[in-house]
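Peer 1: In terms of the working numbering, the sequence shown opens at residue 719 and continues consecutively.
Yeah, the Cβ is synthetic: ideal placement off N, Cα and C, and Gly gets one too.
Predicted, not measured: the structure shown is a model, and the values here were computed from it.
Before I ask anything, let me first share the structure, which is written out below as structure tokens.
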Amino acid sequence: MATVLRCLTILTAVALAALLLTPTLHAARPQTSIADQVLLNAANRDRAAAGLAPLHWDVALAAAAHQHALLMAQKNALSHQFPGEPPMQDRARQAGARFSLIAENVAEGPSVAGLHTQWMNSPPHRANLLDPALNAVGISVVQSGSIYFAVQDFSTAVAAMSLDEQEQQVASQLTARGLRTDGSTADARKTCALDRGWAGPRPASVIRYEVPDLSRLPDDVDQRVGSGKYQSAAVGACEAGPSGSFTRYRIAILLF
């Protein structure tokens, strides 16, 4: 029987035997099976050959992948979304995954090793496996009779950070640009939650932005704080507004 494949990728602005012969939609979160590990090792082997960083295992993505693999096995069909089922990004979020980019490969076939070969021979599936922007994966393989149903959920993972941790990361970037960051965090946090205006003493400038990655300042923010017009800054973090299932950080910077 020929292997059957499908793949799906969603972007924003910003989961040799699986001994589950009778699938159930209410199975507990699985441990990594031998079959899951086979596909993980194969993916990372081919990523290494392409000079890419390995994918790290994400238990939340694996849980989302497992629930979907069970559903495919139960229905004996491939799909990225069955009637009444949430879309992929919502399934991953509900399982606890945090991400700014997500993609999925699904397949069915008579052997686990053959699934990876077929994915690598299919340009869209190969693109997901070798996407340098993706850094996390959850995999589930479910056996139904003589057929294996497999799901790979990939993501660009977003770290879970407290407001303090978010503020410290941004403040360190401002300090590296010559600004003092000993201002009022409380006022900056209140400002972050506002759509306009500010809390506390009047600043020379207010910056608000939302990003999925705090490892660097957005280009326009970097240009403004590096203009030489300001001596100090206060950084405040708050909850980002509605963004569907994708994870973002919201930051306010008060410049003085």
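(1) Which residue comes first and which comes last in the alpha helix (DSSP H) that contains E885?
(2) Taking only the alpha-carbon atoms, compute the straight-line gap between P979 and S933 and give it to the nearest angstrom.
(3) I'd like to know whether the C-beta atoms of A791 and Q891 end up nearer to each other than 9 Å.
(4) Tell me, to the nearest whole angstrom, how far the beta carbon of I865 is from that of G827; I am working on the premise that it is less than 8 Å.
(5) Using 8 Å as the threshold, is the segment 782-797 in touch with the segment 895-912, meaning 3 or more CB pairs across them?
(6) Pairs of beta-carbons, one from the segment 963-970 and one from the segment 905-916, closer than 8 Å: are there three or more?
(7) Where G681 and A922 are concerned, what is the direct C-alpha to C-alpha distance, given to the nearest angstrom?
(8) Roughly how many angstroms separate the alpha carbons of E928 and A958, rounded to a whole number?
(9) Ends of the alpha helix (DSSP H) at V876?
(10) From G769 to L757, what does the alpha carbon distance come to, in whole angstroms?
(11) Can you tell me whether L743 is buried or exposed, with buried defined as 16 or more other CB within 10 angstroms of its CB?
(12) Indicate the three-state DSSP secondary structure (helix, strand or coil) for W916 in the structure shown.
(13) Are the beta-carbon atoms of D931 and R895 separated by less than 9 Å?
(14) Using DSSP with H/G/I as helix, E/B as strand and the rest coil, what is S858?
(15) How big is the Cα-Cα spacing for W837 and V824?
(16) Residues in its own chain within less than 6 Å of F974 by CB, not counting five upstream and five downstream?
(17) Where do the N-terminal and C-terminal ends of the alpha helix (DSSP H) with N846 fall, by residue?
(18) Tell me the rounded alpha-carbon separation between R844 and E822.
(19) So within the segment 791-849, which uninterrupted alpha helix (DSSP H) runs reach at least 4 residues, ignoring any that extend past its ends?
(20) Can you give the Cα-Cα distance for A780 and K947, rounded to whole angstroms?
(21) Could you name the residues that DSSP lists as bridge partners for R680?
(22) Could you check what DSSP says for R934 in three-state terms: helix, strand or coil?
(23) Return the CA-CA distance between L847 and A761, expressed in angstroms with no decimal places.
(24) Buried or exposed for D871, going by 16 or more other Cβ atoms inside 10 Å?
Peer 2: Working from what's here:
(1) Residue 885 sits at position 167 when you count from the first residue of the sequence shown. Unbroken alpha helix (DSSP H) run through E885: 881-894.
(2) Residue 979 cannot be examined here, being either before or after the span of the chain that is shown, 719 to 974.
(3) Here residue 791 corresponds to residue number 73 of the sequence shown, with the count starting at 1. Here residue 891 corresponds to residue number 173 of the sequence shown, with the count starting at 1. No, the pair does not count as a contact, with Cβ atoms beyond the cut-off.
(4) Position 147 of the sequence shown, counted from the start, is the residue given in the question as residue 865. Position 109 of the sequence shown, counted from the start, is the residue given in the question as residue 827. That pair is a contact at about 7 Å.
(5) no
(6) yes
(7) Because the chain is modelled from 719 through 974, residue 681 falls outside the range shown and cannot be assessed.
(8) The sequence position of residue 928 within the sequence shown is 210, counting from 1. The sequence position of residue 958 within the sequence shown is 240, counting from 1. C-alpha separation (whole angstroms): 7 Å.
(9) The sequence position of residue 876 within the sequence shown is 158, counting from 1. It is not in any alpha helix (DSSP H) - V876 carries neither H nor E in the DSSP assignment.
(10) The residue labelled residue 769 in the question sits at position 51 within the sequence shown. The residue labelled residue 757 in the question sits at position 39 within the sequence shown. Those two C-alpha atoms are separated by around 18 Å.
(11) Here residue 743 refers to the residue found at position 25 when the sequence shown is read from its first residue. Residue placement at L743 is poorly supported in this model, since its pLDDT is 38, which falls under 50; the coordinates still yield a value, given next. So L743 ends up on the exposed side.
(12) Walking along the sequence shown from the start, residue 916 turns up at place 198. Here DSSP, grouped into helix, strand and coil, assigns W916 to coil.
(13) Here residue 931 refers to the residue found at position 213 of the sequence shown. Here residue 895 refers to the residue found at position 177 of the sequence shown. No, they are not a contact pair.
(14) Position 140 of the sequence shown, counted from the start, is the residue given in the question as residue 858. In this structure, S858 counts as strand in the three-state DSSP scheme.
(15) Position 119 of the sequence shown holds residue 837. Position 106 of the sequence shown holds residue 824. Roughly 9 Å separates the two Cα atoms.
(16) Numbered from 1 along the sequence shown, position 256 holds the residue referred to as residue 974. Closer than 6 Å at Cβ, skipping near neighbours: P921, A922, S950.
(17) As a working note, residue 846 is residue 128 in the sequence shown. Element bounds for N846: 841-847.
(18) If you number the sequence shown from 1, residue 844 lands on position 126. If you number the sequence shown from 1, residue 822 lands on position 104. Looking at the two C-alpha atoms, the distance is approximately 11 Å.
(19) Taking 4 residues as the shortest admissible run, the segment 791-849 contains the following complete alpha helix (DSSP H) segments, listed from N- to C-terminal end: 806-812, 830-838, 841-847.
(20) Indexing the sequence shown from 1 puts residue 780 at position 62. Indexing the sequence shown from 1 puts residue 947 at position 229. Distance between the alpha carbons of A780 and K947: 48 Å.
(21) Since the displayed the chain opens at 719 and closes at 974, residue 680 lies outside it and no answer follows.
(22) Looking up residue 934 in the sequence shown gives position 216. Note: R934 maps to coil in three-state DSSP.
(23) Translated into positions along the sequence shown, residue 847 becomes position 129. Translated into positions along the sequence shown, residue 761 becomes position 43. Between L847 and A761, the C-alpha separation is close to 6 Å.
(24) In the sequence shown, residue 871 corresponds to position 153, counting from 1. Under this definition D871 is a buried residue.
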